[in-house]
Amino acid sequence: MAEKPKSHGRKSIQPRLTPQSLMGTEETLAGVWQARIITLFPDAFPGVLGFSLTGKALKEGAWQLHTHDLRGFGIGKHRNVDDTPAGGGAGMVMRADVVGPAIEAAQQHAKGRWPILYMSPRGRPFDQAMARDLARCDGVTVLCGRFEGVDERVLQHYNVTEVSLGDFVMTGGELAAQAMIDATVRLLPGVLGNADSTVEESHSNGLLEHPQYTRPATWEGRDIPDVLMSGNHGEIAKWRRQQSETLTKTRRPDLWKKTHEDM
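In short: position in the sequence shown from 1, add 195, done, that's my numbering.
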């Protein structure tokens, strides 16, 4: 019998050495963006999402987080969730008859535009444009893989989109899921105090962000550039644009090329 999903949101979240349940009720808030996480480690959530602005927004009900324990859908006495790869090979593969019912349970709550994503090193690279698109959805269900991956039939049957954070392999999808959700939640209305900050930051306009400075005016013999202290907002904007372009050309020539191909 499947276990009830754990729900996060509108609850006081306090840091502690051991994970807390953070579960209250399966109640969902109407019109609130939701993330539903299918994982073998539900206590890994909310993790870093419970802190700072995302944690504050979670507590205030600006978004909701629900975890679905994959072990609760396991097969047999030991609730097995994996088996050996068909055709042989190393490692284990997450079973279709376990992951499928877990997705079904999560999607019972899905309304409107609600993609199902699977954190996978072979997936589509996650970027700022995808974060913006996810923030416009009504919610998202995220499958966190383990072992050698998930039975391909599940991904095909539910039209799951595979998403990657980069060209590297992790032991599981939980950290990747938290990073993706963090990048998305901060774009939801009201989560950031200053909406303009999402416009000027890296990748929002196809460029890396310009350098930032603050007081003191001089530190270790290094001064804040004079133009930033001039009060001339036109010149400041020009300088920042030039700095962004130079940084992008130098550090991310691939991004610079893509930006100019799209123009």
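Here a beta-carbon is modelled for each residue, glycine too, at the ideal position from N, C-alpha and C. Please read these numbers as outputs of a predicted model, since none were measured by experiment.
### Message
Are the CB atoms of L235 and V386 within a distance shorter than 9 Å?
### Response
In the sequence shown, counting from the first residue as 1, residue 386 sits at position 191. In the sequence shown, counting from the first residue as 1, residue 235 sits at position 40. Not closer than 9 Å, so no.
### Message
Please tell me whether W228 and C332 are closer than 9 Å, where the distance is taken between their beta carbons.
### Response
Along the sequence shown, one-based indexing puts residue 228 at 33. Along the sequence shown, one-based indexing puts residue 332 at 137. At a Cβ-Cβ threshold of 9 Å, W228 and C332 count as neighbours.
### Query
So what's D346 in DSSP terms, helix, strand or just coil?
Start at 1 with the first residue of the sequence shown, and residue 346 comes out as number 151. When DSSP states are grouped into helix, strand and coil, D346 belongs to the coil group.
### Task
Confirm, please, whether the CB-CB distance from H263 to A225 is below 9 Å.
Sequence index remark: in the sequence shown, residue 225 carries index 30 (1-based). Sequence index remark: in the sequence shown, residue 263 carries index 68 (1-based). No, Cβ-Cβ distance for A225 and H263 is not below 9 Å.
### Query
What are the residues that DSSP puts in a beta bridge with G334?
By 1-based counting over the sequence shown, the position of residue 334 is 139. Answer is Q229.
#### Entry: Buried versus exposed, by CB contacts within 10 Å (16 or more), V358
Taking the sequence shown and counting its residues from 1, the one referred to as residue 358 is at position 163. By the C-beta density criterion, V358 is buried, having at least 16 other C-beta atoms within 10 angstroms.
### Query
With distances taken between CB atoms, is the gap from Q373 to A281 smaller than 9 Å?
As a working mapping, residue 373 is identified with position 178 in the sequence shown. As a working mapping, residue 281 is identified with position 86 in the sequence shown. Contact: no.
### Message
Measuring CB atoms only, is the region 253-260 touching the region 287-303, in the sense that at least three cross pairs come out at less than 8 Å?
### Response
Because the criterion of three Cβ pairs below 8 Å is not met, the region 253-260 and the region 287-303 do not touch.
### Query
Nearest to T349 by alpha carbon, out of P296, T379, R317?
Here the question's residue 349 lines up with position 154 in the sequence shown. Residue identity check: residue 349 is Val in the sequence provided, not Thr. Answer by Cα proximity: P296.
### Query
Going by C-alpha distance, which of V355, R446, P200 is nearest L403?
Along the sequence shown, read from residue 1 onward, the residue named residue 403 stands at position 208. The shortest Cα separation from L403 among V355, R446, P200 belongs to R446.
### Message
Suppose the cutoff is 8 Å on Cβ atoms and the five residues either side in sequence are ignored; what does the same chain contact list for W309 look like?
### Response
As a working mapping, residue 309 is identified with position 114 in the sequence shown. Q302, C332, D333, G334, V335, T336.
### Range of the contiguous alpha helix (DSSP H) that encloses H405
Here residue 405 refers to the residue found at position 210 of the sequence shown. No alpha helix (DSSP H) holds H405; DSSP gives it neither H nor E.
### Task
Taking T356 as part of the alpha helix (DSSP H), name the residues at either end of that continuous run.
Reading the sequence shown from its first residue, position 161 is the one you call residue 356. Careful: T356 lies outside any alpha helix (DSSP H), inside the beta strand (DSSP E) at 356-359.
### Task
Closer than 6 Å by C-beta to L442: which residues in its own chain qualify, once you throw out the five before and the five after it? Chain order, please.
Counted from its first residue, the sequence shown places residue 442 at position 247. So the qualifying residues of the chain are L403.
### Query
Taking the runs of the alpha helix (DSSP H) that are 4 residues or longer, which of them lie wholly in the region 239-295?
Taking only runs of at least 4 residues, the alpha helix (DSSP H) segments lying wholly in the region 239-295 are 247-254.
### Query
Expressed to the nearest angstrom, what Euclidean distance is found between the alpha-carbon atoms of K199 and H405?
Looking up residue 199 in the sequence shown gives position 4. Looking up residue 405 in the sequence shown gives position 210. Using only the alpha carbons, I get a separation of about 46 Å.
### Task
Let me know the secondary structure DSSP gives R381 once reduced to three states.
The residue labelled residue 381 in the question sits at position 186 within the sequence shown. R381 falls in the coil class under three-state DSSP.
### Query
Does DSSP put S425 in a helix, a strand or coil?
Position 230 of the sequence shown, counting from 1, holds the residue named residue 425. The three-state secondary structure of S425, taken from DSSP, is coil.
### Query
Does DSSP put W451 in a helix, a strand or coil?
Taking the sequence shown and counting its residues from 1, the one referred to as residue 451 is at position 256. Note: W451 maps to helix in three-state DSSP.
### Message
By the three-class DSSP mapping on this structure, what secondary structure does T234 have?
### Response
Locating residue 234 in the sequence shown gives position 39, where the first residue counts as 1. The answer is strand: DSSP assigns T234 an E or B state.
### Message
Considering Cα atoms alone, identify which of I233, G204, S202, K201 is closest to G368.
### Response
On the sequence shown, position 173 is the one that residue 368 refers to. The shortest C-alpha separation from G368 is found at I233.
### Task
Let me know if Y313 comes out buried or exposed under the rule of 16 or more other beta-carbons within 10 Å of its beta-carbon.
Counting from one through the sequence shown, the residue named residue 313 turns up at place 118. Residue burial is scored here from C-beta neighbours: Y313 has at least 16 other C-beta atoms within 10 angstroms and is therefore classed as buried.
#### Entry: Burial state of I311 (16 or more Cβ within 10 Å)
On the sequence shown, position 116 is the one that residue 311 refers to. So I311 counts as buried.
### Message
I'd like the span of the beta strand (DSSP E) that includes L224, first residue to last.
### Response
Along the sequence shown, read from residue 1 onward, the residue named residue 224 stands at position 29. Run containing L224: none; DSSP gives neither H nor E here.
### Task
Report the partner residues of W414 according to the DSSP bridge assignment.
For the purposes of this step, residue 414 is taken as the residue at position 219 of the sequence shown. Answer by DSSP bridge pairing, in chain order: R417.
### Task
Please list, in chain order, all residues of the same chain as G416 whose beta carbon is under 8 Å from its beta carbon, the five residues on each side excluded.
One-based indexing of the sequence shown puts residue 416 at position 221. Shown here for G416: not one same chain residue has a beta carbon closer than 8 Å to its own, the five before and five after excluded.
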